[in-house]
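Residue numbers (the numbering used here): 16 to 326.
Just so it is clear, CB atoms sit at the ideal spot from N, CA and C, and this is done for glycine as well.
In what follows, a structure is listed as structure tokens, so that the remarks can point back to it.
Written out as structure tokens, the structure is:
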């Protein structure tokens, strides 16, 4: 009997310890993923994967882009028109990967273009929880969900657990994705609709198509600071002090990357634009590179790591 009692207590202690570890891990992830105090967007060409002949390898490259984006807490990814145009495929896979696993079946179904997404590593961001039991939910927690039904302003939303959450307010149409703030666990699981900006830690990225091209995107009033990467630019160290000063006050920053065959100057030149007319700064972040070419995803890693240390 004593042995059974001892084993029972041990099991209970282990369960409690496992729960505490999970909670601390989750809190730790959130603390390390605090949303920055300015918005950071990147602009990528729609020809990003056009030279890659097979969908599997295309999917792999887009998956690496997604991983780099979330590692550096990118808020928005803009796909600007270039040729050949693979923008629909890029947007689809980027959006699919950013979507929590438990929502993908409802939001995407089965599509030929998504055949190889199973090879991609998970993003492991705060809005991609692995826990699927309501007993582990806490009031004040945010979850991504999909609206399943609506009745006179009351919505039932699937947030990836066995129980649907009842949400009141003005929400998206049935089948739409939404962010939910959990307001009550018992006696009924309830929540309210929230915006991504309400979440204080990093909550994924949005994907946008810029049909008017890079020049129009960068010339809009949406960004306080616009930075272009270019092998023709000065080494970043030459502009670092001025760039850092501008970055300090910026609320919205755009970082643009060229394609595998053309730099940003060439892309803008087709529209009769000069890079200095469109961007505040242009720099080479990989001077004296050891390879003839630097791929877009490689330039992303180098550039975003550098910017992350400046503010």
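Contact set for residue i: own chain, Cβ-Cβ below 6 Å, skip 5 residues either direction
i	result
residue 333	Not covered by the structure: residue 333. The range shown for the chain is 16 to 326.
residue 36	For residue 36, the predicted model reports a pLDDT of 46, less than 50, meaning its position is unreliable; a value from the coordinates is still stated below. Cβ neighbours of residue 36 beyond the five flanking positions: none.
residue 251	298, 300
Sequence-distant residues of its chain with Cβ nearer than 8 Å to residue i (five each side left out)
i	result
residue 20	Residue placement at residue 20 is flagged as unreliable, the pLDDT there being 44, under the threshold of 50; the coordinate-derived value follows with that caveat. Excluding sequence neighbours, residue 20 sits near nothing in its chain.
Anticipated Cβ contact below 8 Å, residue i with residue j, distance rounded
i	j	result
residue 282	residue 97	6 Å
residue 175	residue 158	7 Å
residue 182	residue 210	Residue 182 to residue 210, Cβ: 14 Å. No contact.
For residue i, three-class secondary structure by DSSP
i	result
residue 53	coil
residue 18	Bear in mind that the predicted position of residue 18 carries a pLDDT of just 46, short of 50, making it unreliable; the figure below should be weighed with that in mind. Looking at residue 18 - three-state DSSP - the assignment turns out to be helix.
residue 173	strand
residue 84	helix
residue 301	coil
residue 261	helix
residue 271	strand
Of the listed residues the options, nearest to residue i (C-alpha basis)
i	options	result
residue 185	116, 166, 200, 82	166
residue 78	112, 61, 89, 103	112
residue 237	58, 51, 118	58
residue 275	289, 244, 252, 88	244
residue 257	273, 296, 145, 130	296
residue 128	277, 223, 72, 200	72
residue 199	155, 64, 60, 221	155
residue 192	64, 253, 122	122
residue 102	260, 115, 228, 310	228
residue 270	76, 260, 319, 52	319
One or two residues paired with residue i in a DSSP bridge
i	result
residue 205	181, 199
residue 95	60, 225
residue 314	None; residue 314 has no bridge partner.
residue 114	Bridge partners of residue 114: none, in fact.
Own chain partners of residue i with C-beta closer than 7 Å, once the 5 adjacent residues on each side are dropped
i	result
residue 137	143
residue 234	293
Residue i CB to nearest heavy atom of the ligand MN below 7 Å
i	result
residue 173	As far as ligands go, the structure on display features none, and thus does not contain the ligand MN.
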